[in-house]
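Asker:
There are 6 protein chains.
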Amino acid sequence: MIPRAILTSIVERALEEDLGGGDPTTEATVDEGATAIGRAVAKAEIIVCGGEVFRAVFAAVDPTLELSVETAEGDRAVRGDILWTVRGSARAILMGERTALNFVQRLSGIATLARRYVDALPPGSRTRVTDTRKTTPGLRVLERYAVRTGGASNHRDTLSSAVLIKDNHIVAAGGIGEALHRARRLAPHTSKIEIEVESLEALDEALDAGADIVMLDNFAPGAIEEAVKRAAGRALVEVSGNVTLDRLPELSRSGVNVVSVGALTHSAPALDLSLRLEAAGA
Amino acid sequence: MIPRAILTSIVERALEEDLGGGDPTTEATVDEGATAIGRAVAKAEIIVCGGEVFRAVFAAVDPTLELSVETAEGDRAVRGDILWTVRGSARAILMGERTALNFVQRLSGIATLARRYVDALPPGSRTRVTDTRKTTPGLRVLERYAVRTGGASNHRDTLSSAVLIKDNHIVAAGGIGEALHRARRLAPHTSKIEIEVESLEALDEALDAGADIVMLDNFAPGAIEEAVKRAAGRALVEVSGNVTLDRLPELSRSGVNVVSVGALTHSAPALDLSLRLEAAGA
Amino acid sequence: MIPRAILTSIVERALEEDLGGGDPTTEATVDEGATAIGRAVAKAEIIVCGGEVFRAVFAAVDPTLELSVETAEGDRAVRGDILWTVRGSARAILMGERTALNFVQRLSGIATLARRYVDALPPGSRTRVTDTRKTTPGLRVLERYAVRTGGASNHRDTLSSAVLIKDNHIVAAGGIGEALHRARRLAPHTSKIEIEVESLEALDEALDAGADIVMLDNFAPGAIEEAVKRAAGRALVEVSGNVTLDRLPELSRSGVNVVSVGALTHSAPALDLSLRLEAAGA
Amino acid sequence: MIPRAILTSIVERALEEDLGGGDPTTEATVDEGATAIGRAVAKAEIIVCGGEVFRAVFAAVDPTLELSVETAEGDRAVRGDILWTVRGSARAILMGERTALNFVQRLSGIATLARRYVDALPPGSRTRVTDTRKTTPGLRVLERYAVRTGGASNHRDTLSSAVLIKDNHIVAAGGIGEALHRARRLAPHTSKIEIEVESLEALDEALDAGADIVMLDNFAPGAIEEAVKRAAGRALVEVSGNVTLDRLPELSRSGVNVVSVGALTHSAPALDLSLRLEAAGA
Amino acid sequence: MIPRAILTSIVERALEEDLGGGDPTTEATVDEGATAIGRAVAKAEIIVCGGEVFRAVFAAVDPTLELSVETAEGDRAVRGDILWTVRGSARAILMGERTALNFVQRLSGIATLARRYVDALPPGSRTRVTDTRKTTPGLRVLERYAVRTGGASNHRDTLSSAVLIKDNHIVAAGGIGEALHRARRLAPHTSKIEIEVESLEALDEALDAGADIVMLDNFAPGAIEEAVKRAAGRALVEVSGNVTLDRLPELSRSGVNVVSVGALTHSAPALDLSLRLEAAGA
Amino acid sequence: MIPRAILTSIVERALEEDLGGGDPTTEATVDEGATAIGRAVAKAEIIVCGGEVFRAVFAAVDPTLELSVETAEGDRAVRGDILWTVRGSARAILMGERTALNFVQRLSGIATLARRYVDALPPGSRTRVTDTRKTTPGLRVLERYAVRTGGASNHRDTLSSAVLIKDNHIVAAGGIGEALHRARRLAPHTSKIEIEVESLEALDEALDAGADIVMLDNFAPGAIEEAVKRAAGRALVEVSGNVTLDRLPELSRSGVNVVSVGALTHSAPALDLSLRLEAAGA
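Residue numbers (my numbering), protein chains in the order written: chain G, 1383 to 1664; chain S, 1383 to 1664; chain L, 1383 to 1664; chain A, 1383 to 1664; chain P, 1383 to 1664; chain E, 1383 to 1664.
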């Protein structure tokens, strides 16, 4: 559930951008009193995501429009399925159409890609697929929601949600132990401390210094298995960076706890959805 | 050139989202006075786009950071090329890193895809590849800029920039002629009037009623050639919808004036760029 | 129709400005439960404009207020006519009064002036009177709406809606032909290209280079007629700059397509409207 | 002096409105490195107002532009006088031109009208001409500044700056005495209490109840003189509503302290200013 | 009454801050359809303040929540009293809880402290206790409302609501008389002019120059009495700065008109309120 | 380090509130060209906090003002010590004075109170004192910074930064084990999971279900000691709610890891700072 005010603020910015000067095409061709029904239709197999955003866009154009959800969030829809319906002023529906679709085609795209990753895990796998902070500027809260809707998990929300120590931080602090020590002292006790390691030696150092999560950077498959063994019961193991679908089964079998995939949000192709309009009279 | 205030407002929203609560990792591990040099590096062959946004992000974190452009906008860079450099407070560079990269990986992704489309046209082609309004909510002005940087062209900016009459508008107005007549009367004289047509008969009706641009919806290749002939000297011909790279040469040879491609903005995969940091002392 | 979110954002800014610190006068003198009816009354002959803005202001002060439209947008009202009615909390009505009137007195002023210009055209004239971008900062979408409500037309909305090449651009580009060529290449195919010309020679050059619209700068009446002849069938002819009402018939008879009038928005005097309150009990 | 952040926020909103989608005309016709000098020139006799806003607009487009003031705020300029100069990127100057002029043509219009009212007072007059809250939504702080620049005075800033009891408040409170009593109790001790009166009897009641200022509503000239006598030493006398220039001398001679004129801000015609550009090289 | 739009804008900013990334705790543990009743309960004796803000927070999270006021604004509540009730989605109630309480614990804290000051005045006292501009950045309109709710009064709202000349202004202007003269000339006639004085001589000078209010800075008790005598019938006397509760009776007996107390807003401790939730089914 | 854009946005909102209508007192009494030096002076013993905010306020009023830090953040200052200095336009300094002080008096108040709590811990104590989410709406990032500056620690930043399961969540989920299980599944792997427990039995259940942190609600001193023993090596122990300074030593000796104190932010009294101005010439 995304709180209304959060949603509205994102949606209004988008409408301002497309509709800030009005819509002369619609104003010219559609009579003021005309009403219509618009049905958002899937044009391929998708995981449905974005109903509340769809609703919020149309409500921001005209609060008297009526919305209904025809396919639940996270369900799989196939070509031709109706996802959501909007009824009321034909002008208002046409004015909000593009902005509404721009949101939901992206969110459904992310949810659908997330589902593909999750489905690529072996049955019973306990490995978690997560997003990263590589989200679209301004849309993070929506994109993280889409990732969850697709069945994957979220990584930390913002820079202040958890500590993630990367190579530059380690160098600046003067070593793995010192970086972890400093972070533990400054960060909230509610934050886990994650650290990126580049070798098994660095891993050991991180585990000894009490890291909660270790992120393996560019480890060979064998080294990953060894890392998982060493970390067992001491820290979670995360693999990140350019993980393709076909590597997931192996990573899962290695016992990796988390695979984080930037592509979930930065490169999910938008899905093609269309809004079919039917006149409902004037 | 994107005016500074426009850029700043987009960039600040993005920083608020990621950095609004501060960055405890960096605050803990990097000393306050430490300085560094960060170099944005291409990790694949790309068309470079986004230098001004990169600059604006870091300036919004800390106005004393110094930026320099190492590869010009629109140039092709290969793996390992340095695109931009930022110098100054190591803390500030690390805090702005992710937000800056989130922008430029998307913009370079769009520019690179746009270039691929343009390069797929036959030599000497006069066909124009354009974007659509299927842009990321909140980032349209940047994404349209990236399309131009890649060498492709822009379609109308907002709903109020030009008239584009689609099937629903035609039905609502009571026909092609009436829709065009009404639009001509209401729209600014500076707006071109474009109309979507689904058959050669509809095309003739649109041409007779004075459409400036006709958008062919789902025409067979032969029908496209015929449409181009009929429209010659009377209206521009645009083809839209799911145009893949390999169809471009044929469309160009048919004489189509414009091919609009939603994928340029809604499905360009982000390109992988990284920021390499080097300590510069304290 | 102005989308709700666009309207609300403008209206809230205005309320913040006047009412951000509350209204001690009303809070002191009017009991919390008191209700009233407020009637907006014309104090002169006017073209009515702004009902939706009037509604939006009061809704932003107190969403339980009830609004009704007594005179339709664009209709002519005479002194004493009731335009709109607002019912509900007397405090809320008094708090929103000035802001609501500040909007509608300006919009009705513009609509009324626009109507005077349109009425000054000879019967059957096909000349179009338009506004310019000389609008009040922050209120453009409303003022353009008022111009249309008065029966006149809009010029381009923003700098990105169409191309308008002025003398400085011509000089910078190195001539009329080069400026038009460059603009055609960069601008969206949906944008018309307008260019300002200062002589018949420049006009010919612009027509030869394919300008869609020519704006005649300071042409003598005879030269205007000649220009219209030369442009016939090739480009629209626009006259701009200090056009007074009494010149309109002659310009229309010359065959000028468009007369753009900055005064419609930058110098329309506000019309005097008042809100008559009647207590409705407590 | 208008604090920078206040100014910037108003100016950025205006730029967003006109320039949010960029300026393809300028981008096409003017080379990136070209520089120019722009001179704002008066096209009639005016009281100059708005230099800081002019500066803020261009700074928001491009902070490297250099501005200089050629005619001081509040000075009289004649046709051809240069008011302000801007130097730097030709593109940036052209992009900001219209927005900058839209502000200063309005502010100079207000200042010039204010000066005409002040100049219409007899020599040595102690009557003060003020504005009202009938300002343009979103621009109040600027318009009040323009009124002062023209030599006139400001009325209360917002609803919370002072108490002004009008007829509806009196009726709601149950009479003049009760309204004044209530207002005195609730309002800050720093607020003056003004009340509108419709007769000499009402005036007496208001004076007895301790009003600080009385606003005479629709009094005949003789009654005004009498009112001034009765109020002398007890309250300031303000006359409001449709006061034309030619009535000012008589009102001043009657001893009226304040004449408030809504037209100063709601109906001042914009003054024609232009920006003359001269190329400065590339 | 705080206008809705003013309230909403403050409340949305606060929600963005706490809830901008969603609430995984609630999303995980509470089913989507679950409903609940939340009751805000006093945990000590308080003056109740903030019902409208409480309502606005929950409405911004979910507009379908139902709110009811159980104890009126300004009433005294004791430990265990229910102040307000919210019913509806259990998730929405839990998501808004902290933000709602953060507002009302502060506002009730201020109202309660204000009441203590007012109650410390002798019976029948005509001395007024007021706040100052030492309010929390961003919350002034709410905190001033809380001061009134507690029974105390407001000082000037903003820098532009009234004139208050302090020592630095006096020095800059070249003396008390000159400062008052200049302020009278520039400030609106609706503004009272207050001036800070440091001695009885300065007081006389201020009274002679027509100050409306004199603020006594650091006067000994005897000097205060003398100052009140000299100012009687000429100006209001305000005492400011570190006034503790036990000094109020004496100041009141001295005839001081106004005692302004910064602590009302800058140091009122938050009161402990809690929200008791009861499941209402799913 | 608070990123500039984050700071500026908070500061501008505050200036808008106080200075949005200008400052007639200063404009009247201080000449435009006058310059001054302002020194922020401690009026009691304090822990200094807020230099960057102080700087940002004045920069937003007038970017040409020069600021210097005289006492470092987190240092102890005594009555009379100069904390920061601002030089430049006397008008600008006076206009920003109150807003700047309103920020720093609050932040220094929080830092000073935080230091008192930390100093109350026994020497060598490993117990951590933290804030809570009971912060001032709109100022959280600043108040958390002040807590750290005082030497205490932060709790979770926002609702999405970590999981904190309270009694209502436990009831909704159907028990401690189920609530923890659900939270672990949904929350990011980077989030710690904290849970509130009301008895030793509940504590055991929480520990068995893998809670990372247990918050003891209203435990007797003996029970706290027992809880610490049971949790040792399994989870952190936090005590929250109405912890006064004198209980800290005992809690520390019990081995409690974290004591969270809402009063640090919601009830820290503002400290009295003043700005001493000295004219620097004109």
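We treat Cβ as the ideally placed atom computed from N, Cα and C, and that holds for glycine.
In this text, all values refer to a predicted model and were calculated from it rather than measured experimentally.
(1) Contact criterion: CB-CB distance below 7 Å. Does Leu-1397 of chain A meet it with respect to chain S?
(2) Could you give the first and the last residue of the continuous alpha helix (DSSP H) run that contains Arg-1386 of chain G?
(3) Just how far apart, CA to CA, sit Gly-1532 of chain P and Ala-1438 of chain P?
(4) Going along the segment 1427-1454 of chain P in order, which residues come within less than 7 Å of chain G, judged by CB to CB distance?
(5) In whole angstroms, what separates the C-alpha of Ile-1606 of chain A from that of Ala-1613 of chain A?
(6) Return the CA-CA distance between Val-1460 of chain P and Val-1468 of chain P, expressed in angstroms with no decimal places.
(7) Report, in whole angstroms, the separation of the C-beta atoms of Glu-1576 of chain L and Val-1553 of chain L, which I expect to be a contact under 8 Å.
(8) Tell me whether the beta-carbon of Asp-1594 of chain A lies closer than 7 Å to the beta-carbon of Met-1477 of chain A.
(9) Which residues, taken in chain order from the segment 1590-1616 of chain S, show a beta carbon closer than 7 Å to some beta carbon of chain L?
(10) For the beta strand (DSSP E) containing Gly-1420 of chain E, name the first residue and the last one.
(11) Identify each residue in the segment 1397-1411 of chain P for which the Cβ-Cβ distance to at least one residue of chain G is less than 7 Å, and report them in chain order.
(12) How is Thr-1408 of chain A classed by DSSP in three states: helix, strand or coil?
(13) Using a cut-off of 8 Å between C-beta atoms, extract the partners of Asn-1550 of chain S located in chain L.
(14) What do you reckon, are the CB atoms on Leu-1589 of chain P and Ala-1617 of chain P nearer than 7 Å?
(15) Using the three-state DSSP reduction, which class does Ala-1614 of chain S fall into: helix, strand or coil?
(16) I'd like the list of long-range same chain contacts for Leu-1483 of chain G, defined as Cβ closer than 7 Å, with 5 residues on each side in sequence excluded.
(17) For Asp-1513 of chain S versus Ser-1542 of chain L, is the C-beta distance shorter than 7 Å?
(18) Compare the Cα-Cα distances from Leu-1521 of chain S to each of G:Glu-1398, G:Arg-1515 and G:Ser-1622 and report the closest residue.
(19) Taking Cβ positions, are Ala-1561 of chain G and His-1551 of chain G nearer each other than 7 Å?
(20) Taking 7 Å as the threshold (C-beta atoms), are Leu-1489 of chain S and Gly-1420 of chain S in contact?
(21) Whose Cβ in chain E lies nearer than 7 Å to the Cβ of Leu-1659 of chain P?
(22) Classify Val-1625 of chain G as helix, strand or coil using the three-state DSSP reduction.
(23) Using beta carbons (cut-off 7 Å, strictly below), is Arg-1510 of chain S in contact with chain A?
(24) Nearest by alpha-carbon distance to Tyr-1499 of chain A: which of A:Thr-1626, A:Met-1383, A:Ile-1547 and A:Gly-1506 is it?
(25) Can you tell me the Cβ-Cβ gap for Pro-1445 of chain E and Arg-1386 of chain A, rounded? I've got them flagged as a contact below 8 Å.
(26) If you compare alpha carbons, which of S:Leu-1659, S:Ala-1650 and S:Ala-1662 is closest to Ile-1492 of chain S?
(27) Strictly under 7 Å for the Cβ-Cβ distance: is Arg-1629 of chain L near chain A by that measure?
(28) Please list the terminal residues of the continuous beta strand (DSSP E) segment that includes Leu-1541 of chain P.
(29) Less than 7 Å between the beta carbons of Leu-1646 of chain A and Ala-1496 of chain A, yes or no?
(30) So the beta strand (DSSP E) Val-1640 of chain L belongs to, where does it begin and stop?
(31) Run through the segment 1458-1496 of chain G for me and flag every whole beta strand (DSSP E) of 3 or more residues, listed as ranges in chain order.
(32) How is the beta strand (DSSP E) around Val-1511 of chain P delimited, first residue to last?
(33) Apply the 10 Å Cβ neighbour rule to Asn-1624 of chain E and answer buried if 16 or more other Cβ atoms are within range, or exposed otherwise.
(34) Of the residues L:Val-1619, L:Ala-1416, L:Asn-1536 and L:Phe-1436, which one's Cα is nearest the Cα of Phe-1601 of chain L?
(35) Find the residues of chain E that neighbour Arg-1515 of chain P, judging by a C-beta separation of less than 7 Å, and give them in chain order.
(36) Would you kindly report the start and end of the unbroken alpha helix (DSSP H) that includes Leu-1524 of chain L?
Answerer: Inspection of the coordinates gives the following:
(1) yes
(2) 1386-1401
(3) 21 Å
(4) Ala-1442, Val-1443, Asp-1444 and Pro-1445
(5) 10 Å
(6) 20 Å
(7) That belief does not hold up - the Cβ atoms of Glu-1576 of chain L and Val-1553 of chain L are roughly 17 Å apart, past 8 Å.
(8) no
(9) Ile-1595
(10) 1417-1424
(11) Hits within the stretch, in order: Leu-1397, Glu-1398, Leu-1401, Gly-1402, Gly-1403, Gly-1404 and Glu-1409.
(12) helix
(13) The contacting residues do not exist; Asn-1550 of chain S stays about 16 Å from chain L at best.
(14) yes
(15) If DSSP states are grouped into helix, strand and coil, Ala-1614 of chain S belongs with coil.
(16) Here the set comprises Leu-1655 and Leu-1657.
(17) no
(18) G:Glu-1398
(19) Yes, the pair counts as a contact, with Cβ atoms nearer than the cut-off.
(20) no
(21) Asn-1550
(22) Val-1625 of chain G falls in the coil class under three-state DSSP.
(23) no
(24) A:Thr-1626
(25) 6 Å
(26) The shortest C-alpha separation from Ile-1492 of chain S is found at S:Ala-1650.
(27) Under the 7 Å criterion on CB atoms, Arg-1629 of chain L is classed as non-interfacial with respect to chain A.
(28) Leu-1541 of chain P -> no beta strand (DSSP E), and no H or E assigned at all.
(29) yes
(30) First-last of the beta strand (DSSP E) with Val-1640 of chain L: 1640-1642.
(31) Taking only runs of at least 3 residues, the beta strand (DSSP E) segments lying wholly in the segment 1458-1496 of chain G are 1464-1471.
(32) 1510-1512
(33) exposed
(34) L:Val-1619
(35) Asp-1400 and Arg-1480
(36) 1522-1531
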